[in-house]
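Right, one structure below, let's go through it.
Chains as they are written, first to last, in my numbering: chain P, 409 to 862; chain S, -13 to 167.
Right under this line is the structure:
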């Protein structure tokens, strides 16, 4: 344990299931987590379908910082820190577009889409031709990965590659990135990324999407009025009525998700029945998925989280959300929505409308989450409040390794909550990994699976 | 003698349209949501695009597109009705306890009237809004922007048939949009 740090072991106590409020509200711990979590983990930055052509760019965010996702003339994808090497000005203040060069509006340094510094005003006169321009390109991420259209990056050259970072969680991430019919990839993002502010620490939404199966009362109003995918009724689909409901996490990786497993010989219950075209499309896709994926086709996803701050939702609505930290007391959410690229226009349009009325700041479901995160955070900041840790004790000791049901084995540490209704298994996993990042001095300590494999 | 009948018709129309907009704001601020819904045509379109920062010369890409992109709102009466029903459940925590909301409507400009100001059946009207929301104790939001409405005269009553809401923000500065514009 390094000295002089505000974070210390014991604030996250998984033996008792107690987690200190300090990790949510303390400003010094926040500064430490920016350094120890956000500069070392893999972060989601966008989707390739946002930058299809050379010169296309999308300005994203990594941790608190602005980052440019772009495609160079050779069609290679890059992610750069959006800050001029000369005096730090943002070289791009647009959200997206196409450009041959990023020209800094302060003193005019220009960078090509491959990051190279290609223009320095008065290079010969003011610098006497002596500036080493080859060393002053835009700061590029240490590693970048594109996976089935999604783009991820990390600032840490010693981090494991993205697929190793995912481990077997990859199969669950695929539920969001593969076509509904089970084909590899084939998803695209709809135009328009929702961006909004929530007055709470970023870990409130992160733990919620990690698998808070306990917050049904939050959404009571939306279930009463009914905005379900079939046009009315509960906000989700009926498969939950016949499926096993599981929480699955990867303790050594920090990723977690909810999952439904459908019975072996039972088709997926119908959904989206408001429109015949949409209903028919999903029926066809469900059958195709079972055919393509075999037993794995019985697995359907619910919310999950790639450590640390990327939420995924494979079904309703199909989305990625990133919880960008903006100080200890504020989160900026960015939400992308996905559809099958080659689905009929009616299907895309139906989903688009369903997504908007479900999620985001105007979403009938998510509105109530934001109120809860807002005031949970606010009421945890006080001197007295901080003395009382949150409890994460649901289901402790009931995890199952090598879980199998009806002929299907599922990778990961599994909690079957079909009868238990809820567990905090996945939430504990998020904080277990978070604490490891806060403790570890380098990736040598974090890649524990490598030692196990030896 | 000069004939002022055309001017008078325009003044009367301006007065009637302003009255409609003020009454609508009054119903919302007084939380008379069901009466507000009755002011909406059955086929109303309610659209609030998101706004991008784009380069000069590419301003056509500033707004997300109605009916194609993800927007803040892009919906009809059915979903708007659900929103009202949700507030009226009493367990919609984002509006429970209810927020204190004040709509200021100004700069009312009639852009188009069909077929004529003296016998109007469709009016396109632009206005500015300033919406103040205060909730619980000190939480306060101010949202400012423009609206472009199409009103239709149906069975002797004006009804809102289309509303485009242009909020003057990029990253939305409020945690949720539980109220109406």
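No residue lacks a Cβ here, since even glycine has one placed at the ideal position from N, Cα and C.
Self-check item: Sequence-distant residues of its chain with Cβ nearer than 6 angstroms to residue 512 of chain P (five each side left out)
Solution: 492, 497 and 499
Quiz item: How would you list, in chain order, the residues of chain S whose beta-carbon sits under 8 angstroms from the beta-carbon of residue 463 of chain P?
Solution: Those do not exist, as residue 463 of chain P stays about 12 angstroms from chain S at its closest Cβ, beyond 8 angstroms.
Practice problem: Consider the Cβ of residue 166 of chain S: report whether some Cβ of chain P lies at a distance smaller than 8 angstroms. | Solution: no
Quiz prompt | For residue 583 of chain P, the first and last residue of its enclosing alpha helix (DSSP H) | solution = 578 to 585
Quiz prompt | Closest Cα partner of residue 128 of chain S within the set S:137, S:139, S:159 and S:99 | solution = S:159
Exercise. Starting from the beta carbon of residue 24 of chain S, find every residue of chain P whose beta carbon is closer than 9 angstroms, and list them in chain order.
Key: The contacting residues do not exist; residue 24 of chain S stays about 18 angstroms from chain P at best.
Self-check item: Three-state class that DSSP yields for residue 692 of chain P in the structure shown
Solution: helix
Quiz item: What whole-angstrom Cβ distance do residue 723 of chain P and residue 672 of chain P have, given they're in contact under 8 angstroms?
Solution: In fact, because the Cβ distance is near 20 angstroms, the residues do not count as touching under 8 angstroms.
Quiz item: In or out: residue -3 of chain S buried (at least 16 other Cβ within 10 Å) or exposed?
Solution: exposed
Exercise. Using DSSP bridges, identify the partner residues of residue 763 of chain P.
Key: BP columns for residue 763 of chain P are empty, so no partner.
Quiz prompt | Within 9 angstroms of chain S by C-beta, residues of the stretch 605 to 619 of chain P in sequence order | solution = 605, 606, 607 and 608
Quiz prompt | Residue ranges of each alpha helix (DSSP H) within the stretch 626 to 688 of chain P, 4 or longer | solution = 628 to 633
Exercise. Measure from the C-beta of residue 782 of chain P to each C-beta in chain S and report whether the shortest distance is under 8 angstroms.
Key: yes
Quiz item: Does any C-beta atom of chain S lie closer than 8 angstroms to the C-beta of residue 454 of chain P?
Solution: no
Quiz item: Going straight from the alpha carbon of residue 861 of chain P to that of residue 630 of chain P, what length do you get?
Solution: 47 angstroms
Exercise. Write down the C-beta distance between residue 842 of chain P and residue 549 of chain P rounded to the nearest angstrom, noting that I regard them as a contact closer than 8 angstroms.
Key: So it is not a contact: roughly 21 angstroms between Cβ atoms.
Quiz prompt | C-alpha gap between residue 148 of chain S and residue 155 of chain S, whole angstroms | solution = 21 angstroms
Practice problem: Compare the C-beta of residue 158 of chain S against all C-beta atoms of chain P and say whether one is closer than 8 angstroms. | Solution: yes
Quiz item: Can you find a C-beta in chain S that's less than 8 angstroms from the C-beta of residue 600 of chain P?
Solution: yes
Exercise. Specify, as a first and last residue, the run of the beta strand (DSSP E) that residue 551 of chain P falls within.
Key: 551 to 555
Exercise. Determine the extent of the beta strand (DSSP E) in which residue 63 of chain S is found, giving its start and end residues.
Key: Note, residue 63 of chain S: premise wrong, no beta strand (DSSP E); alpha helix (DSSP H) at 63 to 73.
Self-check item: Beta carbon of residue 15 of chain S nearer than 8 angstroms to that of residue 87 of chain S
Solution: yes
Exercise. Taking residue 113 of chain S as part of the beta strand (DSSP E), name the residues at either end of that continuous run.
Key: 108 to 121
Quiz item: Nearest CA to the CA of residue 503 of chain P: which residue from S:151, S:39, S:152 and S:115?
Solution: S:39
Quiz item: Does residue 603 of chain P get closer than 8 angstroms to chain S when you measure Cβ to Cβ?
Solution: yes
Practice problem: Could you tell me which residues DSSP puts in a beta bridge with residue 733 of chain P? | Solution: P:739
Quiz item: When the cut-off is 8 angstroms and only beta carbons count, does residue 760 of chain P lie next to chain S?
Solution: yes
Quiz prompt | Cut-off 8 angstroms between Cβ atoms - residues of its own chain near residue 775 of chain P, not counting five sequence neighbours on either side | solution = 769
Self-check item: Cβ-Cβ separation, residue 823 of chain P to residue 655 of chain P (assumed contact under 8 angstroms), whole Å
Solution: 4 angstroms
Quiz item: Taking 8 angstroms as the CB-CB cut-off, is residue 50 of chain S touching chain P?
Solution: yes
Quiz item: Quick one: any contact between the stretch 589 to 602 of chain P and the stretch 730 to 739 of chain P, if contact means 3 or more CB pairs under 8 angstroms?
Solution: no
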